[in-house]
Amino acid sequence: MPQAAPSPTSTAQAAPPAPTSEVAPYPAAPVTEAALGPIGELRTGLVAAHRAALGAQVALQRALWQRATGTAADTASGGRQLALTSGAASSHSSRTAFGAPDAAHPAGDGATPTGSRGSAAESARFSGNRQAAADDHLPITSAAAGIVAREGAFKPLARTGRTQLDRAALELLAQGAVAEVFGPGHQRHGVEVAVRLAAGEPLVLTGIESIELYGGTGDGRVVARYDGAPGAAARQAAEVFALFTGMHLCLSGSTLSGATPAVSGATQGTVELVVTSLDLVPRPYVAATASFAGGEPSVAVQVTVAEPAGAGVGPGQAAPSLLLNEFHMTHLARGDQAIAMGPEFAEYTGVRATRLPTGGLLLVDRVRDFDGARGTLDAASYTTEYDSPADSWYYADTANDSMPHFVYMETSLQAALLMGYYAGPTLTQPGVTLSLRNLGGTATVLRQVDLRDRTIEQSSRMLSTTILPGSSLQTFDYTLSVDGEPFYTGETMFGYFSDEALANQTGLDAGRPAPSWLAENPQAPVRTIDVAARRADPAAPLCSRRALTLIDRVEVVDGGGKHGAGYLHSLRAIDPDDWFFARHFHLDPVIPGSLGVESVIHAVQEWLVDAGHTAGMADPVFRIPADIPFSWRYRGQFLPTDGTVELEAHIKELRRGPHGVIAVVDGSLWKPGLRIYEVTDLAVELVDRGA
């Protein structure tokens, strides 16, 4: 997360207004069959037994580690504290804890609100918006070829290929013709465009030589010519960048405001604007440093997009054609929950509460329609959208041919859960801190499609809500489509848990010891794949990098595992400064479950390469195979202080075809002493692209 900065970049908000009315108690929904298992686990009451088992298992693992390495179990490389997990060591002295990932993770940045009450009238209002909204989102035009957004970079609300403007184009912007200059993506159905370049003053810019979305220090750069006051030129160049990124689309009828810096110097020349920060909270803004070719002192400039005086900015108000847009998503991730969800949620602002991820892990953009209502917890249907630009960091960092598996999971789960939270299950227990966790699900890729520069439409249904003391459970199903054709479908369950419920988790095995297969078979012959060494070669193919550096080594037992077809094992030290803790979630850091699943995929990918399955392929690529349902269960969380993540994968099936191979595995992940993730029928495909 970026450091706190002056007002616009700070996530600290002014105290939100109190809810306008009392929220009536919600009737408890009947307990569904799907909820019976998780409810039973929540009510086991085996905390004491679990803790005793945990202590015994950790003590056993420490002894195993000492026997294997001949070192003290409480330190590893450089004296760093290492918490051992089941199977962390064996009788083979060559097995050591994996190092932390590459140090060079990209550093991430990028009126009284009133909210919707979810009335019947509103439900009708946000139904039937499908065609109008679909018309707004044409194919995305990404930045110049070869330019990649770093993880956490600001994601524009609109894209354009136009990066140079003449005086005529600038005059059109001064008239409010933003879409005429930058293209149809800069206009949305139902959003009034009242914004004007250089409103109320002379237009001093005469041309834009270049607009670079990720130029300068990574947040953007503008080079402009001017004829007039240099301070006005600096501010107007910042206004151009705000319009270029589509910030005006957040707030219907919005205008641009900002002070003109005092600059004495030549009234003709060139100004270079280097963006230092830009964000959508508390209101969309661009902050930059302006430098002048004539040698005038550099100045700071800031431009803010503001709603009309007295206008509401809550659900359904900021942009009337959408219930929620990118502005609300950013506030739900790390801003004012009263703005994001409505005034009933004001108490959750600035404290640990249910949130969307932030930065490069925020993977839902808009809610297009919703047929439910606040307080109705049994059923609702809704449509969301996510734009996936080709320059997104995860396309550059993955070993996959297209979107990595974890993004499929994250975007679908975030969109499914979003309106379940909006319906208000946490409002039934005021004053109780409830943290959101996914509990599991099943998902299937229906067809392989390249999702670069595509808008993903997701149709979701909230199926049920079960309210329990200190926790709640919700079930959902969902289908993802592009251009009206489904490509991914699934179902899932989420839980909202009190601090006590989270502290008393007993994992997948009710607190009983569940060692890895390798720990139970310490004499198995092991060979090691040095993933870190392969990744160190910039020319090494089929290798995940940078933010997706999730494993460093894989231990392989050929012919091992519970299916006798091969076994993979990996151990990774948790660094409390790992980038994803700042993203998932604000004030409630845990490793995303989807990245745990992704780490198993990486182990399988490395094994496929190491085992020689790329031989004979002209252009080998990894893909997610279609028509293989994959299931997962989560019964715990990885915290920054947990020490290690351990994983194993059992090769279940190897399907050979004329153009490649598909590996299907079952797997588990452990935190120290506790198995908390389980995956079933996780599949990885390796094929020859040109075959």
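Residue numbering for the sequence shown follows UniProt numbering, starting at 1 and increasing by one per position. Yeah, the Cβ is synthetic: ideal placement off N, Cα and C, and Gly gets one too. These numbers were taken from a predicted model, which means no experiment stands behind them.
ask   = Got a sec, what are the start and stop residues for the alpha helix (DSSP H) residue 244 sits in?
value = 230-244
request  = Within the same chain, show all residues whose beta-carbon is closer than 6 Å to that of residue 570, passing over the 5 residues directly before and after it, in chain order.
outcome  = 551, 554, 603, 647
key: Own chain residues within Cβ distance below 6 Å of residue 215, not counting five before or after   = 221
ask   = In three-state terms, what does DSSP make of residue 497?
value = strand
Check whether residue 204 and residue 174 have beta carbons under 8 Å apart = no
message = Excluding the 5 residues flanking residue 532 on each side, which residues of the same chain have their C-beta closer than 6 Å to its C-beta?
response = 552
request  = Reducing DSSP to helix, strand and coil, say where residue 462 ends up.
outcome  = strand
key: Reduced DSSP secondary structure (H/G/I, E/B, other) of residue 386   = strand
message = Along the chain, where does the beta strand (DSSP E) containing residue 471 start, and where does it finish?
response = 471-482
ask   = Which two residues bound the contiguous beta strand (DSSP E) that contains residue 633?
value = 630-634
query = Per DSSP, what kind of secondary structure is residue 276 in: helix, strand or coil?
reply = Here residue 276 sits in strand by DSSP.
ask   = Which residues in the same chain as residue 158 place their Cβ atom closer than 6 Å to its Cβ, once the five residues preceding and following it in sequence are excluded?
value = 185, 186, 246
query = From residue 373 to residue 200, what distance separates their C-alpha atoms?
reply = 43 Å
request  = Find out if the Cβ-Cβ distance for the pair residue 594, residue 409 is shorter than 8 Å.
outcome  = yes
key: Sequence-distant residues of the same chain with beta carbon closer than 6 Å to residue 680, five excluded per side   = 631, 666
task = Reducing DSSP to helix, strand and coil, say where residue 582 ends up.
result = helix
task = Determine contact between the stretch 225-243 and the stretch 266-285, defined as no fewer than three beta-carbon pairs at a distance below 8 Å.
result = yes
ask   = Do you know whose CA, among 683, 658, 548, 645, lies nearest residue 675's CA?
value = 645
inquiry  = Threshold first: 4 residues or longer. Then list the alpha helix (DSSP H) segments lying entirely within the stretch 382-443, N to C.
reply    = 393-397, 405-423
query = Since residue 401 contacts residue 689 with CB under 8 Å, what's their CB separation in whole angstroms?
reply = With 8 Å as the limit, residue 401 and residue 689 qualify as a contact, their Cβ atoms being about 7 Å apart.
message = If you reduce the DSSP assignment to three classes, tell me which class residue 308 lands in.
response = coil
task = Determine the extent of the beta strand (DSSP E) in which residue 345 is found, giving its start and end residues.
result = Careful: residue 345 lies outside any beta strand (DSSP E) and carries neither H nor E.
message = residue 194 and residue 253 - do their beta-carbons sit closer together than 8 Å?
response = Contact: yes.
key: Meets three-Cβ-pair contact criterion under 8 Å: the stretch 411-431 and the stretch 453-460   = yes
key: Paired residues, beta bridge with residue 268 - DSSP   = For residue 268, which the question treats as bridged, DSSP gives the partners 227.
key: residue 378 to residue 463 span [Cα, whole Å]   = So the alpha carbons of these two residues sit roughly 6 Å apart.
task = Tell me whether residue 267 is buried or exposed, calling it buried when 16 or more other Cβ atoms sit within 10 Å of its Cβ.
result = exposed
query = Are residue 419 and residue 497 touching if we call contact CB-CB under 8 Å?
reply = no
key: N-terminal and C-terminal residue of the alpha helix (DSSP H) that residue 678 is part of   = Element bounds for residue 678: not the alpha helix (DSSP H) but the beta strand (DSSP E), 674-688.
task = Give the C-beta separation of residue 556 and residue 568 to the nearest angstrom, bearing in mind that I take them to be a contact with Cβ-Cβ under 8 Å.
result = 6 Å
query = Would residue 566 be called buried (16 or more neighbouring beta carbons within 10 Å of its own) or exposed?
reply = buried
key: Cβ pair count under 8 Å reaching 3, the stretch 353-362 against the stretch 578-598   = A contact exists between the stretch 353-362 and the stretch 578-598.
query = Which partner residues of residue 538 appear in the DSSP bridge assignment?
reply = In the DSSP output, where bridge partners are listed per residue, residue 538 has none listed.
query = Between residue 585 and residue 437, which are expected to be in contact by the criterion C-beta below 8 Å, what is the C-beta distance as a whole number of angstroms?
reply = With 8 Å as the limit, residue 585 and residue 437 do not qualify as a contact, their Cβ atoms being about 10 Å apart.
inquiry  = Please classify residue 460 as buried or exposed, where buried requires at least 16 other C-beta atoms within 10 Å of its C-beta.
reply    = buried
request  = Evaluate contact between the stretch 440-448 and the stretch 627-643, counting only Cβ atoms and requiring at least three cross-stretch pairs below 8 Å.
outcome  = yes
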